[in-house]
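Notes follow the structure.
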Amino acid sequence: MRAVLAQEMGSRRVLGRVWGGWWRGPGLCAAPRTADFGTEGRHHLQPRGPSKRSGPLEEQPFRGLLRPENLSREELVDVLRAAVVDQKGKPGELTLLSVLPELSQGLGLGGQELQLVHASGKETSGLVLLSTCPQTASRLQKFFIHSRRSQRPTATYCAVTDGIPATSEGKIQAALKLEHTDGVDLVVPVKSPSRKDILEGVKRTLSHFRVVATGSGCALVQLQPLTAFPSQLQVHMVLELCPVLGDHTYSARVGTVLGQRFLLPAASTKTQRQVLDEALLRRLHLSPSQATRLPLHLHLHRLHLPGARPRDAPLELLAPLPPYFSRTLQCLGLGQQ
Numbered sequence: 001m002r003a004v005l006a007q008e009m010g011s012r013r014v015l016g017r018v019w020g021g022w023w024r025g026p027g028l029c030a031a032p033r034t035a036d037f038g039t040e041g042r043h044h045l046q047p048r049g050p051s052k053r054s055g056p057l058e059e060q061p062f063r064g065l066l067r068p069e070n071l072s073r074e075e076l077v078d079v080l081r082a083a084v085v086d087q088k089g090k091p092g093e094l095t096l097l098s099v100l101p102e103l104s105q106g107l108g109l110g111g112q113e114l115q116l117v118h119a120s121g122k123e124t125s126g127l128v129l130l131s132t133c134p135q136t137a138s139r140l141q142k143f144f145i146h147s148r149r150s151q152r153p154t155a156t157y158c159a160v161t162d163g164i165p166a167t168s169e170g171k172i173q174a175a176l177k178l179e180h181t182d183g184v185d186l187v188v189p190v191k192s193p194s195r196k197d198i199l200e201g202v203k204r205t206l207s208h209f210r211v212v213a214t215g216s217g218c219a220l221v222q223l224q225p226l227t228a229f230p231s232q233l234q235v236h237m238v239l240e241l242c243p244v245l246g247d248h249t250y251s252a253r254v255g256t257v258l259g260q261r262f263l264l265p266a267a268s269t270k271t272q273r274q275v276l277d278e279a280l281l282r283r284l285h286l287s288p289s290q291a292t293r294l295p296l297h298l299h300l301h302r303l304h305l306p307g308a309r310p311r312d313a314p315l316e317l318l319a320p321l322p323p324y325f326s327r328t329l330q331c332l333g334l335g336q337q
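Numbering of the sequence shown is given in full-length UniProt numbering, commencing with residue 1 and proceeding in unit increments.
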């Protein structure tokens, strides 16, 4: 996890944070400059503090993955405070939201309360946007809503997929709904939704994708959601028969017979850990048991925000890839094209 305090918008501040699944450790690996995921940008993250020397790939398969169960409340606050790389202005379950009061105090924000403005899924790494001002938070949320309505992407994700999309670029459209199954909410596609379906919670979703690099039967894909729905990008890539690497929720819906992939019915497919073929495991230097703990390789890389004033140029936040993500690109040769 890394954090960045974006440029003040008016007299208020906006805090952007990189959520690396859960990131632990002082050194965050810079994003590779190839594959259109460089570190250039108006606001980007750089590692603070000394970096630990990496061992062989086999010894540190998921370096950079933070697990909250291994931290005390105070340690998590220290990690968050140390991760802020740019700050303008005055300086139950353990989650980011639960320690926001301590983080606000540790950043010298006084009595100003940090509130969530924009975040992706729990397992997704990348930027999380926080604000100290209700008016700014409301303005940004309206900006995101208006951008979705006009189909202007504001967020760009990068993903590594198990499989290569049939086309190098395109749009994925699907009607999705949440279904409560075996005690959990899962997203399922709905074919030809009726007006009644839409009224009962089915939503038409849309994402744009672009294949940036391919290798070892995998792809580095740039994703831009044009609608907002839980697990939208994961389910969309499953519909393309290319589940995101580390997707232990929806990847089982893709079956294979004689090397040909096909989509299994969501209603009759049980959730299970992602199964990777032996050749891919060898390229990733992972054992089958390690593969069951593979993090989701879906990263919110870029956010576009409005300027502080109407005439100001838009802002752009960039988040480097977590170390385990960069390691995967290195193993698969996806960062060298």
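Heads up, the beta-carbon is just placed ideally off N, CA and C, and yes, glycines get one too.
Remember, predicted model here, so these are calculated numbers, not experimental data.
Taking contact to mean 3 or more Cβ pairs, one atom from each stretch, closer than 8 Å, check whether the segment 228-242 and the segment 155-169 are in contact.
Output reads yes: the segment 155-169 touches the segment 228-242.
Out of Ala137, Arg63, Cys158, state which residue places its alpha-carbon closest to the alpha-carbon of Ala213.
Ala213 has its Cα closest to that of Cys158, out of Ala137, Arg63, Cys158.
May I ask you to report which of helix, strand or coil DSSP gives Tyr324?
Looking at Tyr324 - three-state DSSP - the assignment turns out to be helix.
Between which two residues does the beta strand (DSSP E) harbouring Thr156 extend?
155-162 is the extent of the beta strand (DSSP E) around Thr156.
Going by beta-carbon coordinates alone, are Met237 and Thr161 separated by less than 8 Å?
Yes, they are a contact pair.
Cβ of Val77 within 8 Å of Cβ of Glu113?
No. Outside cutoff.
Quick check on Ala267: buried or exposed, where buried means 16 or more other Cβ atoms within 10 Å of its Cβ?
Exposed, because fewer than 16 other Cβ atoms sit within 10 Å of the Cβ of Ala267.
Taking one C-beta from the segment 172-188 and one from the segment 323-332 each time, how about it: are there three or more such pairs within less than 8 Å?
Counting Cβ pairs under 8 Å, fewer than three are found: no touch.
From this set, Ser231, Ala174, Leu140, which residue's C-alpha is nearest Thr249's C-alpha?
Among Ser231, Ala174, Leu140, the Cα nearest to that of Thr249 belongs to Ser231.
If you draw a straight line from the C-alpha of Thr156 to the C-alpha of Ser120, how long is it?
Their backbone Cα atoms lie some 11 Å apart in a straight line.
Quick check: the Cα distance between Val117 and Ala313, rounded to an integer number of angstroms?
Val117 and Ala313: Cα-Cα distance of roughly 20 Å.
Helix, strand or coil: which one does DSSP assign to Arg204?
In the structure shown, Arg204 sits in a strand (DSSP, three-state: E or B).
Can you tell me whether Arg293 is helix, strand or coil according to DSSP?
Correct three-state label for Arg293: coil.
Around the Cβ of Val257, are there at least 16 other Cβ atoms within 10 angstroms (buried) or fewer (exposed)?
Val257 comes out exposed.
Could you give the residue range of the beta strand (DSSP E) that holds Gln173?
Element bounds for Gln173: 169-181.
With C-beta atoms as the reference, is Gln151 less than 8 Å away from Leu226?
Contact flag set, yes.
Rounding to the nearest angstrom, what Cα-Cα distance links Arg24 and His208 in this structure?
Bear in mind that a pLDDT of 28 at Arg24, under 50, signals an unreliable position, so the model cannot answer this.
Evaluate Ala279 with the Cβ neighbour count: other Cβ atoms within 10 Å of its Cβ, from every protein chain shown; 16 or more gives buried, anything less gives exposed.
Exposed, because fewer than 16 other Cβ atoms sit within 10 Å of the Cβ of Ala279.
Mind checking whether residue 349 and Val190 have CB atoms under 8 Å apart?
It is not possible to answer for residue 349, since the shown part of the chain is limited to 1 through 337.
Taking DSSP's pairing of strands, which residues face Thr256 in a bridge?
Per DSSP, Arg261.
Relative to the C-alpha of Gln135, which candidate in Glu75, Ala175, Gln115 has its C-alpha closest?
Of the listed residues, the one whose Cα sits closest to Gln135 is Gln115.
In the DSSP assignment, what residue or residues form a beta bridge with Leu220?
Val160, Ala213.
Thinking C-alpha only, which one of His301, Leu321, Leu334, Phe325 is nearest Thr154?
Among His301, Leu321, Leu334, Phe325, the Cα nearest to that of Thr154 belongs to His301.
Ala252 and Gln272: beta carbons closer than 8 Å?
The answer is yes: Cβ separation under 8 Å.
Whole angstroms is fine: what's the gap from Ser326's alpha carbon to Leu100's?
Taking the straight line from one Cα to the other gives about 29 Å.
What is the C-beta distance between Pro288 and Leu281, in whole angstroms, given that I count them as a contact (C-beta under 8 Å)?
About 7 Å; that satisfies the 8 Å criterion.
Would you tell me roughly how many angstroms separate the C-alpha atoms of His304 and Lys171, rounded to the nearest one?
Approximately 20 Å between the Cα atoms of the pair.
How big is the Cα-Cα spacing for Leu220 and His299?
Cα-Cα distance, rounded: 11 Å.
Taking the alpha-carbon positions, what's the Leu109 to Thr292 distance?
Rounded to the nearest angstrom, the two C-alpha atoms are 41 Å apart.
Quick check on DSSP: helix, strand or coil for Val275?
The answer is coil: DSSP assigns Val275 none of H, G, I, E or B.
What separation, rounded to the nearest whole angstrom, lies between the Cα atoms of Arg283 and Thr205?
Distance between the alpha carbons of Arg283 and Thr205 is about 34 Å.
Can you tell me which of the three DSSP states His236 falls into?
Helix, per DSSP.
Could you check whether Arg148 and Pro323 sit closer than 8 Å to each other, using their CB atoms as the reference points?
No, they are not a contact pair.
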